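Peer 1: Residue numbers (my numbering), protein chains in the order written: chain W, -14 to 207; chain E, 59 to 302; chain C, 8 to 291; chain A, 8 to 291. For glycine and all other residues, C-beta sits at the position ideal for the given N, C-alpha and C. Keep in mind it's a predicted model, so treat the numbers as computed, not measured.
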Amino acid sequence: MHIMEGFLPASHAIGWYAVSAPFVVAGAVRLRSVLRDKPEARMTLAAAGAFAFVLSALKIPSVTGSCSHPTGTGLGAIVFGPAVMSVLGVIVLLFQAVLMAHGGLTTLGANAFAMAIVGPWVAWGVWKLAGRMGLRFAVAVFLAASLGNLATYICTTLQLALAYPDPVSGFMGAAMKFGSIFALTQVPLAVAEGLLTVVVIEALSGKTRDSDRIAALAGEAR
Amino acid sequence: MSVGTLDRAASLNRWRHRALGEKALIGLGFLALAVTLPPWPGAALVSLAMLGFTFPGARVPWRLWLATVALPLGFLAAGAVLLLVQVGGDGIGLALGGTERAALLCLRAMAATFCLMFLAFTTPAAELIGGLRRLWVPAEIVELALLTYRFVFIIADEAMAMTAAQRARQGHSTRSGWLRSTAMVIANLLPRAMARARRMETGLAARGWQGELRVLSQRNPVSLGMVALVLILQAAILLAGTLL
Amino acid sequence: MSAILSVEGLRYAYPGEVPALCGLSLEVTAGRKLAILGPNGAGKSTLLLHLNGSLRPDAGRVTLAGQAADYSRRGLNGWRSRVALVLQEPDDQIFAATVAEDVSFGPLNQGLSEAEAALRVQGALAALGIAGLADRPTHMLSGGQKKRVAIAGAVAMQPEVLLLDEPTAGLDREGAEQLVTVLRDLGRRGMTLVFSTHDIELALALADDVALFTGGTVLAQGGAGALLSDPALLARAGLRPPVLLELWLAARARGMCPPDAPMPRSVEDLVGLLARAASPAQAG
Amino acid sequence: MSAILSVEGLRYAYPGEVPALCGLSLEVTAGRKLAILGPNGAGKSTLLLHLNGSLRPDAGRVTLAGQAADYSRRGLNGWRSRVALVLQEPDDQIFAATVAEDVSFGPLNQGLSEAEAALRVQGALAALGIAGLADRPTHMLSGGQKKRVAIAGAVAMQPEVLLLDEPTAGLDREGAEQLVTVLRDLGRRGMTLVFSTHDIELALALADDVALFTGGTVLAQGGAGALLSDPALLARAGLRPPVLLELWLAARARGMCPPDAPMPRSVEDLVGLLARAASPAQAG
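(1) Would you please verify whether the beta carbon of Leu251/A is less than 8 Å from any beta carbon of chain E?
(2) Distance check for Met220/E and Ala214/C, CA to CA, integer angstroms please.
(3) Excluding the 5 residues preceding and the 5 following Thr49/W in the sequence, name in chain order all residues of the same chain whose CB lies nearer than 7 Å to its CB.
(4) Could you please give me the residues that DSSP links to Tyr78/C through a beta bridge?
(5) With a threshold of 8 Å between beta-carbons, can Tyr2/W be considered close to chain E, or not?
(6) Excluding the 5 residues flanking Ala91/A on each side, which residues of the same chain have their C-beta closer than 6 Å to its C-beta?
(7) Please report the distance separating the alpha-carbon of Gly229/E from that of Gly113/C.
(8) Would Arg27/W pass as an interface residue toward chain E - the criterion being a Cβ-Cβ separation below 8 Å?
(9) Pair every Cβ in the segment 213 to 233 of chain C with every Cβ in the segment 228 to 248 of chain A, then say whether three or more of these pairs are closer than 8 Å.
(10) Here's the rule I'm using: 16 or more other beta-carbon atoms within 10 Å means buried, otherwise exposed. How should Leu291/E be labelled?
(11) Check each candidate in Ala188/W, Gly116/W and Phe98/W and name the one with the smallest Cα separation from Thr141/W.
(12) Identify, in the order they occur along the chain, each residue of the same chain with its Cβ nearer than 6 Å to the Cβ of Ala131/A, setting aside the five sequence neighbours on each side.
(13) Which of the three DSSP states is assigned to Glu34/C in this structure?
(14) To the nearest angstrom, report how far apart Ala210/C and Val217/C are at their CA atoms.
(15) Rounding to the nearest angstrom, what Cα-Cα distance links Arg155/A and Ala26/W in this structure?
(16) With a CB to CB cut of under 8 Å and the five nearest residues on each side skipped, what residues in its chain are close to Leu135/C?
(17) Is the distance from the Cβ of Ala243/A to the Cβ of Leu226/A below 8 Å?
(18) What residue range does the beta strand (DSSP E) around Phe220/C cover?
(19) With 16 other CB atoms within 10 Å as the buried threshold, where does Glu208/C fall?
(20) Classify Pro144/A as helix, strand or coil using the three-state DSSP reduction.
(21) DSSP on Ile11/C, reduced to helix/strand/coil?
(22) Please decide whether Ala116/E counts as near chain W, where near means a Cβ-Cβ distance under 8 Å.
(23) Are the CB atoms of Thr92/W and Glu(-10)/W nearer to each other than 8 Å?
(24) Does the count of Cβ pairs from the segment 33 to 41 of chain W and the segment 74 to 81 of chain W closer than 8 Å reach three?
(25) List the residues of chain E whose Cβ lies closer than 8 Å to the Cβ of Leu100/A, in chain order.
(26) Grouping DSSP H, G and I as helix and E and B as strand, with all else coil, what is Arg261/C?
(27) If I follow the unbroken beta strand (DSSP E) through Arg117/W, where does it start and stop?
(28) For His(-13)/W, does the count of other Cβ atoms within 10 angstroms reach 16, so buried, or fall short, so exposed?
(29) Give me the chain C residues within the contact set of Arg247/A, using Cβ-Cβ distance strictly less than 7 Å, ordered along the chain.
(30) Under 8 Å between C-beta atoms, does Ser149/C make it to chain A?
(31) DSSP three-state call for Gln276/E: helix, strand or coil?
(32) So what does Lys40/C bridge to, in DSSP terms?
(33) Tell me whether the beta-carbon of Thr199/A lies closer than 8 Å to the beta-carbon of Gly73/A.
(34) Starting from the Cα of Ala20/C, find the closest Cα among Arg76/E, Gly156/E and Thr63/E and give me that residue.
(35) Run through the DSSP bridge pairs and tell me what Pro26/A is partnered with.
(36) Drop a sphere of 10 angstroms on the beta-carbon of Lys113/W, count the other beta-carbons inside from all chains shown, and report buried for 16 or more, exposed for fewer.
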């Protein structure tokens, strides 16, 4: 779910740029050092970015009957790690804006925060935590992907509520308003994304024999 | 509409060979005006100016433009409706001044979207991204973005072909089948994308790649007349927007 | 001879692009093998995508066994059970981990039980001559094997018509010949075949009928023999006759072949013709 | 006639797989066009990757103009400036957004100035007959155009040897013929060409020499004429002679062609031979 171009007032747009910047800069610094050591990782990372973009253009059915697009946030975070995903995520968002008019340039900061930072970090955190708790592989993947997706949606809702507080009940009321509208599509979608990611990871593992090979897929990009 | 549709339009319009700087000045300059000026009359004037640059100027195909703008405008409609209502202790009601707030939001968001659409329809994404090099963005990140751009079309074609093949075998005829089929596409796409990356490594190494992706970029000459026209127009809108 | 598929005045343009099909009409006769022959970029693949409902025309209509095409979900399902499509690139259509799993994809989607699907898989693998590959992981197949697995995936749905996009692309001569044998065999069992190709030798070897394609329209449709030995017509589609027919035509023009002899389909045929024409002269 | 590249006892296996090259020896003569001819999966691409140092052999050695291959970074740079490689799939080699940008990549990597590189780009695009495409976005090219752009990217480096993996794969006859013309032209300007193919007609049309490849070794290397008209030898590599030569051989076996006449290279040649043989008989 992208916030469209021009939807946020200038002050909010700039504010979210400021909030996202440290994460993206940190990711970029890390990426530069990876690329200095291994120039060929460029190809792998670019392919991963393109993969994430194409993923977001695929339609999946949601339980309510509508169609939507997977964010790929969880899958990306599990395979490539959240730091790298922040930079790849920004690149993907930029292309979505200029190739498909999804999202926008002034809202890039806000969208990056929700989709390239909060989503991947939540997914990754859940994935690590679930691993430590000894949950089953499929359950861990499901939780990571669906909660990552859900976190992105909650973050976007809060961003909208912050920009357009309800005249009576303020921020909380607005959050409920935006939240309830998008919950209709986004909660089933989070479930769908979780299921999808499980099937994807299982199919990948089937192709590569064991789950350690997921890391191998990412290759030098990790 | 496929992933490449907008980009194709961007490579074929009448302003394809205008300097990147000019188009950025138009798209980004008016975008800045759209989000900073009070929407009435500022954003309305921006919208007007952008439609002028887009259609009589760059001769963007209007059908495609309409099809593309429909999606963000749908989002806008959903968002704006929420500003019409308020939620309080005594339930949901029409918000005081909600109509005006919603109208102003629509004006601003539409103007801003028209600016983005202008950029997307007149300038190939690669040129826009390449322009980031001239700003503060590190060369490695720009290169990464450009390579991503190149891979996007290849991988999107593969994904489309795979989906068509599954449809032909009725893989999308039930909802659960659809989910399973999409997962299969994704699971097959990732290793293919990675294999492609490795082949590209070999291909570029054979061309003497040392770790930096340097190419000769053509720069189109800047037309001072156009720059002057745009600046005057922007100044006029700025003036009108702040005074009126 | 009844038309199982027919197409009238088909127009189609991919969004934002020049038209790929410009008012095209075509008939597919049940039980015959039709080659859609033309240079790359002529719109052959786009036509095939229309023949199973993957694309919907901007104008014109597609008719399946006399019924106008039904683009509802139900309609498409029925259509695709009767008309199967095999894309050019096998990697685009092989998804599962093993060959048998992959081939079962279509039958299971048709709602068959697992037992029935398993029978279909067996039958399809046998028909393609790859029964031995059933358990092979799909990423360990050669190019020619992949191609056959992809075709088996379509054949397992027991369609009436099989659409194939450039079936021999990328195969070496041996692989292509084996595939032609298999496809002839499917044709002999009554399946209608429609295949696109830019390879005129393939059209000569496999097709009963040929539709000559260029620039999004059908230049001519007719029996393979008549069309493929008409150099003037072929030239208009940017093609030349197969080497064999070029030789035959050149030899006939010089009186080295009897003018009323049937068109040769193989090297042996042509040598026979030349020898027959030469011997009376030697005798005289 | 000096060997610009030679290979001795080359062995190579991809990690975890059966050997792709099994003790292979081969010579590339400067200024000539060599076809590496064999079925798919015979190891042709693997050999080409060894000829410019993209792969390092497990055993055996590669010699460039008499010098043993140098796999240091410096050595590889020099080597790749002299021996350029064009992969089968142009999308694996074209990375930039426009054609001219992409073609400039190699020259800039060679350390040329921007002005010199621009000249090289112009020259290479002209040599490939695609000067008009300079500004075209690379993802908007047809298959044949992409192929030429990929070759231009290699030619712009002004190498002594150009290695091409399946240069006509996926092209239609017209595209393939145009490419053959371009490649012949490059050969005429003194560039050494090595190309892999499973298409024996392409080898006949373009090659001076042929190395017959099968199962990771060279079965025979020699002049194109002698090798391509030896059905027994070709059969051992799973190949059949080109249709033209098959006809010629069949006709000669029946005494319909003079046994000492040179090998025909075109339909016209062969018809001429047949006519010459037929007329004395008619006169007698």
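Peer 2: Taking the geometry as given:
(1) no
(2) 28 Å
(3) Residue confidence for Thr49/W is low, a pLDDT of 48 falling below 50, so the modelled location carries little weight and cannot support an answer.
(4) Answer by DSSP bridge pairing: none, since Tyr78/C is not bridged.
(5) no
(6) Ala161, Met164, Pro166 and Leu169
(7) 7 Å
(8) yes
(9) Proximity of the segment 213 to 233 of chain C to the segment 228 to 248 of chain A falls short of the contact definition, fewer than three beta-carbon pairs being nearer than 8 Å.
(10) buried
(11) Phe98/W
(12) Val110, Ala159, Val162 and Ala163
(13) strand
(14) 7 Å
(15) So the two alpha carbons sit approximately 28 Å from each other.
(16) Arg155, Val156, Ile158, Ala159, Val162 and Val189
(17) Looking at the sequence provided, one finds Arg at residue 243/A rather than Ala. For Arg243/A and Leu226/A, yes; Cβs fall inside 8 Å.
(18) Element bounds for Phe220/C: Asp216 to Thr221.
(19) buried
(20) Three-state result, Pro144/A: strand.
(21) strand
(22) Cβ-Cβ to chain W under 8 Å: no for Ala116/E.
(23) Contact flag set, yes.
(24) yes
(25) According to the sequence shown, residue 100/A is Gln rather than Leu. Neighbourhood of Gln100/A in chain E, by CB distance below 8 Å: Met258, Gly261, Leu262, Ala264 and Arg265, in chain order.
(26) coil
(27) Note, Arg117/W: premise wrong, no beta strand (DSSP E); alpha helix (DSSP H) at Gly104 to Arg117.
(28) buried
(29) Arg180
(30) yes
(31) coil
(32) In DSSP, Lys40/C forms a bridge with Leu200/C.
(33) no
(34) Thr63/E
(35) Ala20/A
(36) exposed
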